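Student: The numbering used here numbers the first residue of the sequence shown as 18 and each following residue consecutively.
For each residue, glycine too, the CB sits at the ideal point set by N, CA and C.
If you're wondering where the values come from, they're calculated on a predicted model, not measured in any experiment.
The structure that follows is given in the form of structure tokens.
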Amino acid sequence: MFKSVYAKYISTFMLIIFVSFLILVLIVTGMVNNYASNTKEEVLNHAAAGAAEFLEARTSSGLKTDFGQMIDNVSDDVDRMLRTLAAMDDDVTILLVDNADGSVIRMVTPSGETASSEAVIPRHIILEVNAGNSAGRLESLAGVFDTDHFFRTAPVYTDDGYACGTVFACSSTRTQDELLGVMIKTILIASLWVMLAALVAVYLLTERVIGPLKDMSRMAKQFAAGNYEARVRVRGNDEVSQLARAFNNMAESISRLELMRNTFVANVSHDLRTPMTTISGFIDNILSGAIPEEKRGYYLELIRTEVQRLARLVTSLLDISRIQAGDRKFDHRPFDICEMARRILISFEAKIEAKHLDVEFICDEERMTVLADYDAIYQILYNLCDNAVKFSKEGGKLSVSLRFTEEQRAVISVYNEGEGIAKDDLPFVFERFYKGDKSRGLDKSGAGLGLFIAKTIMDAHHERIWVESEQGRYCCFKFILPLV
């Protein structure tokens, strides 16, 4: 029914306000009724009791059954008494009623006027009063009042205990109804103002929330259309602003990832096309006889090198696919990390000598046993050493160190002097498809996947790998492994 967030909010707020004011009306109505009834009851009881006490003081045994004659004998005193009692409240009518037939002998109006009356109280009310019910309600009384009144009574006794008459103290229900009407009207007006204020407040609040959400929806559609430069405007520092900021961060990551993906596709395409072109050219020349018999072995060796480069690239791509899919299982077992590092360094002996590197190998102990997947750690350490040799300057320093930490862990560091990594590139070194050597001048064979694979492997081991570098001076990669 309500499709927009604003409609849902406003309907909810209106319902809450309506129910709240409805409950308030019920509570106020009950409180006003109770207060008015209790207050009026006290006034009426006092008036009825006062009149009855006054009349009882003037009864005599000779007037046992003639209540009207008794009133006539002291009419002046009765009138003064009635006017005095009526002055206690501006809405009290006092009736002196003969119990014999229910006739009203004397009355005083709220204005203080006393008079005789031909009105008769209904018989059933007289019976109820005589039975002890001192409170009730009169819908009307001819010649006295034509609206609803509630009453309180007090019997008038003679000296020997005979109830010859009854004092009715009556008050109109109209005053109480008018008070309730004013209260309800005031509450309704207040509720309308509150609802109006709520409409404005909800609109402003929802607009504050919905605005950024609409922006994010538009930006998401632009992302789907291929525009990765769109951003959401961030205002303030509340939860919505934090969501907008997170959305922009996500957009930045997507944009950077898309750029790296495009770069990766271009690099992989280049890496695939170049060796295949070389292989195809050499094979064509061999088949056509353009290459002499004695040189065919040399060119076949070149073809094998290019095929191996293709195999390494495909292997890296398959590794990434397997790791991301969770298909690669890691076998954690103890092994000597120092021995592994020695073997890897020895495997680079020819390249190290070709660049005249000054090699330093540091291990805190002869053996350092760690718990990890041997093949995975070998892949990481080999890749780091390969990069260190590849990017070291001629005659520079290459250092591999394995040290203990205070937490009984092993820190493996691979350091080289050379160009290093630019400060702006450091946050992205371990991201997939990233290749810091964008010119491909130093690394012609890599596809920029080795460090991403290393980071993924360390994450699977729940350990950390990081890089420290100063451009133009050095670069040092470090990772941690648990000791056995």
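Can you find the residues in the same chain that come closer than 8 angstroms, C-beta to C-beta, to methionine 236, ignoring five residues on each side of it along the sequence?
Tutor: Your numbering for residue 236 matches position 219 in the sequence shown. Cβ within range, chain order: Ala247, Arg248, Val249, Phe264, Ala268.
Student: Starting from alanine 152, follow its DSSP beta bridges and name the residues at the other end.
Tutor: Taking the sequence shown and counting its residues from 1, the one referred to as residue 152 is at position 135. The partner list for alanine 152 (beta bridge, DSSP) reads Arg169.
Student: Name, in chain order, the residues that DSSP records as bridge partners for tryptophan 483.
Tutor: Taking the sequence shown and counting its residues from 1, the one referred to as residue 483 is at position 466. Answer is Lys495.
Student: Which parts of the stretch 58–114 are runs of the alpha helix (DSSP H), unbroken and 4 residues or longer, counting only runs that do not cross its ends?
Tutor: As far as the stretch 58–114 is concerned, its whole alpha helix (DSSP H) runs of at least 4 residues are 84–90, 92–103.
Student: Does DSSP put leucine 158 in a helix, in a strand, or in coil?
Tutor: Position 141 of the sequence shown holds residue 158. Correct three-state label for leucine 158: strand.
Student: Using only the alpha-carbon positions, how far apart do glutamate 135 and aspartate 118 sit?
Tutor: Taking the sequence shown and counting its residues from 1, one reaches residue 135 at position 118. Taking the sequence shown and counting its residues from 1, one reaches residue 118 at position 101. Going from the Cα of glutamate 135 to the Cα of aspartate 118 covers about 12 angstroms.
Student: In the DSSP assignment, find the alpha helix (DSSP H) that holds aspartate 403 and state where it starts and stops.
Tutor: The count along the sequence shown starts at 1 and reaches residue 403 at position 386. Its alpha helix (DSSP H) spans residues 391–408.
Student: Return the residue from the list His373, Asp108, Thr183 that minimises the CA-CA distance to valine 406.
Tutor: The count along the sequence shown starts at 1 and reaches residue 406 at position 389. Comparing Cα-Cα distances from valine 406 to each of His373, Asp108, Thr183, the minimum goes to His373.
Student: Can you name, in chain order, every residue of its own chain whose Cβ lies under 7 angstroms from the Cβ of glutamate 424, other than the five neighbours on each side?
Tutor: Reading the sequence shown from its first residue, position 407 is the one you call residue 424. Counting only Cβ-Cβ distances below 7 angstroms, and skipping sequence neighbours, we find nothing.
Student: Specify the secondary structure class of alanine 261 as computed by DSSP and reduced to three states.
Tutor: Counting from one through the sequence shown, the residue named residue 261 turns up at place 244. DSSP places alanine 261 in helix when its eight states are reduced to three.
Student: With a Cβ-Cβ cutoff of 8 angstroms, do isoleucine 296 and valine 324 count as a contact?
Tutor: Counting from 1 along the sequence shown, the entry for residue 296 is found at position 279. Counting from 1 along the sequence shown, the entry for residue 324 is found at position 307. Cβ atoms of isoleucine 296 and valine 324: closer than 8 angstroms.
Student: Determine the direct distance from the alpha carbon of lysine 238 to that of isoleucine 340, and round the result to whole angstroms.
Tutor: For this step, residue 340 is matched to residue 323 along the sequence shown. For this step, residue 238 is matched to residue 221 along the sequence shown. Cα to Cα, isoleucine 340 sits roughly 31 angstroms from lysine 238.
Student: Per DSSP, what kind of secondary structure is glycine 458 in: helix, strand or coil?
Tutor: Your numbering for residue 458 matches position 441 in the sequence shown. For glycine 458, the pLDDT reaches just 44, beneath the cut-off of 50, and the residue's location in the model is therefore unreliable, leaving the point undetermined.
Student: Just curious, the alpha helix (DSSP H) that aspartate 194 is in, first and last residue?
Tutor: Taking the sequence shown and counting its residues from 1, one reaches residue 194 at position 177. Aspartate 194 -> alpha helix (DSSP H) spans 190–241.
Student: Determine the burial state of arginine 154: buried for a count of at least 16 other Cβ atoms within 10 Å of its Cβ, exposed for fewer.
Tutor: Translated into the one-based positions of the sequence shown, residue 154 becomes position 137. Exposed, because fewer than 16 other Cβ atoms sit within 10 Å of the Cβ of arginine 154.
Student: Identify whether glycine 134 lies in helix, strand or coil by the three-state DSSP scheme.
Tutor: Taking the sequence shown and counting its residues from 1, one reaches residue 134 at position 117. The question names glycine, but residue 134 is serine in the sequence shown. Serine 134: coil per DSSP, three-state reduction.
Student: Between which two residues does the alpha helix (DSSP H) holding glutamate 356 run?
Tutor: Taking the sequence shown and counting its residues from 1, the one referred to as residue 356 is at position 339. Counting along the chain, the alpha helix (DSSP H) containing glutamate 356 begins and ends at 354–364.
Student: Kindly give me the distance between the Cβ atoms of leucine 362 and phenylalanine 494, rounded to whole angstroms, as I take these residues to be in contact under 8 angstroms.
Tutor: Position 345 of the sequence shown, counting from 1, holds the residue named residue 362. Position 477 of the sequence shown, counting from 1, holds the residue named residue 494. The Cβ separation is near 15 angstroms, so there is no contact.
Student: Can you tell me whether DSSP reads valine 184 as helix, strand or coil?
Tutor: Numbered from its first residue, the sequence shown carries residue 184 at position 167. In this structure, valine 184 counts as strand in the three-state DSSP scheme.
Student: Buried or exposed for glycine 253, please, with buried defined as at least 16 other CB atoms from any protein chain shown within 10 angstroms of its CB.
Tutor: Looking up residue 253 in the sequence shown gives position 236. So glycine 253 counts as exposed.
Student: So glutamate 366 and phenylalanine 408 are in contact, right, with Cβ under 8 angstroms, and what is the actual spacing, rounded?
Tutor: Along the sequence shown, read from residue 1 onward, the residue named residue 366 stands at position 349. Along the sequence shown, read from residue 1 onward, the residue named residue 408 stands at position 391. Actually they are not in contact, since the Cβ atoms of glutamate 366 and phenylalanine 408 sit about 18 angstroms apart, beyond 8 angstroms.
Student: Between Lys440, Ser416, Ile397, Gly413, which lies nearest to phenylalanine 496 when the distance is taken from Cα to Cα?
Tutor: For the purposes of this step, residue 496 is taken as residue 479 along the sequence shown, with counting starting at 1. When each option's Cα is compared against that of phenylalanine 496, the closest is Ile397.
Student: How far does the alpha helix (DSSP H) with aspartate 476 in it reach, from first residue to last?
Tutor: Residue numbering aside, residue 476 sits at position 459 when the sequence shown is read from its first letter. Note, aspartate 476: alpha helix (DSSP H), 467–477.
Student: Quick one: measure Cβ to Cβ for valine 161 and methionine 105, integer angstroms, because I've assumed they're closer than 8 angstroms.
Tutor: In the sequence shown, counting from the first residue as 1, residue 161 sits at position 144. In the sequence shown, counting from the first residue as 1, residue 105 sits at position 88. Actually they do not touch by this definition, with Cβ atoms about 19 angstroms apart.
Student: Write down the C-beta distance between leucine 415 and methionine 385 rounded to the nearest angstrom, noting that I regard them as a contact closer than 8 angstroms.
Tutor: For the purposes of this step, residue 415 is taken as the residue at position 398 of the sequence shown. For the purposes of this step, residue 385 is taken as the residue at position 368 of the sequence shown. About 20 angstroms; that fails the 8 angstroms criterion.
Student: Hey, out of Val226, Glu487, Phe347, Arg345, whose CA is closest to aspartate 255's CA?
Tutor: As a first step, residue 255 is located in the sequence shown; it is residue number 238 there, counting from the start. That would be Val226, whose Cα lies nearest to the Cα of aspartate 255.
Student: Can you name the residues that DSSP bridges to glutamate 377?
Tutor: Position 360 of the sequence shown, counting from 1, holds the residue named residue 377. Ser416, per the DSSP bridge assignment.
Student: Given 8 angstroms as the limit, is there contact between the stretch 199–207 and the stretch 88–108, that is, 3 or more CB pairs closer than that?
Tutor: The answer is no - the stretch 88–108 does not touch the stretch 199–207, with fewer than three Cβ pairs under 8 angstroms.
Student: Please classify arginine 490: does DSSP put it in a helix, a strand, or coil?
Tutor: The residue labelled residue 490 in the question sits at position 473 within the sequence shown. If DSSP states are grouped into helix, strand and coil, arginine 490 belongs with coil.
Student: Look at alanine 186 and arginine 169 and say whether their C-beta atoms are less than 8 angstroms apart.
Tutor: The residue labelled residue 186 in the question sits at position 169 within the sequence shown. The residue labelled residue 169 in the question sits at position 152 within the sequence shown. Yes, they are a contact pair.
Student: Can you tell me the Cα-Cα spacing of asparagine 266 and methionine 357, whole angstroms?
Tutor: By 1-based counting over the sequence shown, the position of residue 266 is 249. By 1-based counting over the sequence shown, the position of residue 357 is 340. If you take the alpha carbons of asparagine 266 and methionine 357, they lie about 40 angstroms apart.
Student: Which residue from Arg123, Ile369, Asp163, Val431 puts its Cα closest to that of glutamate 411?
Tutor: Indexing the sequence shown from 1 puts residue 411 at position 394. Checking every option, the nearest Cα to that of glutamate 411 belongs to Ile369.
Student: For isoleucine 34 and methionine 212, which I take to be in contact (beta-carbon distance under 8 angstroms), what is that distance rounded to the nearest angstrom?
Tutor: Here the question's residue 34 lines up with position 17 in the sequence shown. Here the question's residue 212 lines up with position 195 in the sequence shown. Confirmed, about 6 angstroms.
Student: Can you give the Cα-Cα distance for arginine 140 and tyrosine 52, rounded to whole angstroms?
Tutor: The count along the sequence shown starts at 1 and reaches residue 140 at position 123. The count along the sequence shown starts at 1 and reaches residue 52 at position 35. Using only the alpha carbons, I get a separation of about 31 angstroms.
Student: Are the beta-carbon atoms of leucine 113 and glycine 67 separated by less than 8 angstroms?
Tutor: Your numbering for residue 113 matches position 96 in the sequence shown. Your numbering for residue 67 matches position 50 in the sequence shown. Taking 8 angstroms as the Cβ cut-off, leucine 113 and glycine 67 do not qualify as a contacting pair.
Student: When you compare only the Cα positions, how much space is there between leucine 196 and methionine 124?
Tutor: By one-based count along the sequence shown, residue 196 stands at place 179. By one-based count along the sequence shown, residue 124 stands at place 107. One C-alpha to the other measures close to 27 angstroms.
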